[in-house]
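Report on the structure given below.
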Amino acid sequence: MTEKSYGGNNGVREHTSGKPIKIKDNSNNINAKKLKSSEKPINTEKINKSNSKLNEIESYKKAGEISIKIKEFARQLIKPNMLLVDIAQKIEEEIIKQGAQPAFPVNLSIDDVAAHYHPTLEDETKATGLLKVDIGVHINGFIADSAISIDLTPEKKHTDLIKASEEALENALSILHKNPTMSEIGETIQKTISKKGFSPVINLSGHGLGEYDIHAGVIIPNNANNNPYKLEPGAYAIEPFATYGEGKVMDGPPSNIYKIINPRTPRSPAARAILEYIWEKNETLPFSLRELQEKFGNISRLAIKELEQNNIIHNYPQLIEISHKPVSQAEHTFIKTPDNKIIITTK
């Protein structure tokens, strides 16, 4: 699930400390941004985690193994004109069946919507055109973030565009053992896509991953930006986007994907119940309106509106290519270990 860049080239989101998430050799935990117990809403009991004996690197690997299975499941599942809501439900059900949890609502973004679309329960949008399927899987809060693009056009007219983002990803991954700078990673992505006659989407980027944190500190660019920073040990996602268009995205309509940003007790009982459910299940990971509709029914929309108006949750906007041209996406998660080994967990 991509990170939108808002300027600057230091490789770190401005509202963070500037330090990447570091993987430890032990299983105590990861230095991720977590909320203090005093900030947690209502019931603050820890999420019941399966596979709790796994240390963090093993959890990342297990999440990656499941992600590989889910991507193949999605490729077999998705057919032209399937309802996106049916696709979302089946993919997320399969993640749970495999012994993990969704790290975020599966993004199902069509054509010029580069990222951040998830259907509501009553959504009648069908799978057509160039469909990006961005899948998050977590074990104990440790995340595998991976994406594929599927050409659903009868003539398969987006094959070359899909190959451009896939090859850019492979080329970027192939230089990680050289300990490249952020700019060198971005330059590799940019050159690969440009040589094929397309544009990289330069204000979307890869990102660091932390425990229950899908965008943890570091931004990995999709273009050269003169940034000399090198990745420290930790978990990261690289995700090139390629387009026929200008290569930038703008904020669009709401995506139906949310996350908790300011956990405090809301006024209404319905909003309190929903916030408690989200926190106990997801902590700060993104969640969908669709999931709440399935569990709480029609009251969900009113509760979400209250939570959003009180700045308790954030609604991700859809990210739309500014010239309204189709976009392809490819993504893998990797770990850089304390001894500088590179482990790609999702391939």
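Counting in the numbering used here, the sequence shown runs from 142 upward without gaps.
Here a beta-carbon is modelled for each residue, glycine too, at the ideal position from N, C-alpha and C.
In this text, all values refer to a predicted model and were calculated from it rather than measured experimentally.
Cα atoms of Lys400 and Gln331: separation of roughly 31 Å, rounded to the nearest angstrom. The three-state reading of DSSP puts Met323 in helix, counting H, G and I together. Taking a cut-off of 8 Å for Cβ pairs, the segment 266-285 and the segment 440-451 do not touch, as fewer than three such pairs fall below it.
Using a Cβ distance threshold of 8 Å, Val390 and Ala215 do not count as a contacting pair. Exposed is the label assigned to Asn481, since fewer than 16 other Cβ atoms lie within 10 Å of its Cβ. By a beta-carbon distance limit of 8 Å, Phe382 does not contact Pro246. Their separation comes to about 19 Å. Thr333 sits in a helix when the DSSP states are folded into three classes. Contact annotation: Gln470 and Glu380 have beta-carbon atoms nearer than 8 Å. Sequence-distant partners of Met223 (beyond 5 residues in either direction) whose C-beta falls short of 8 Å from its own C-beta, in its chain, are Lys267 and Ala268. The Cβ neighbour count for Gly386, taken over all protein chains shown within 10 Å, is at least 16; the residue is labelled buried. With contacts defined by Cβ atoms closer than 8 Å, Asn367 and Ile343 do not form a contacting pair. With contacts defined as CB atoms closer than 8 Å, Pro369 and Ser324 qualify as a contacting pair.
Rounded to the nearest angstrom, the Cβ distance from Ile232 to Ile276 is 7 Å, consistent with a contact under 8 Å. Taking 8 Å as the cut-off, the beta carbon of Thr143 is found no closer than this to the beta carbon of Ala285. Separation of the CB atoms of Asp354 and Thr300 is rounded to 35 Å, and the pair is thereby denied contact status at 8 Å.
Between Ala204 and Val278, the C-beta gap is smaller than 8 Å, which places the two residues in contact.
For Val468, the closest C-alpha among the options Glu197, Thr322 and Ile251 is that of Ile251. In summary, Ile237 is exposed, with fewer than 16 beta-carbon neighbours lying within 10 Å of its beta-carbon over all protein chains present. By the Cβ-count criterion, Leu443 is exposed, with fewer than 16 other Cβ atoms from all chains shown falling within 10 Å of its own Cβ.
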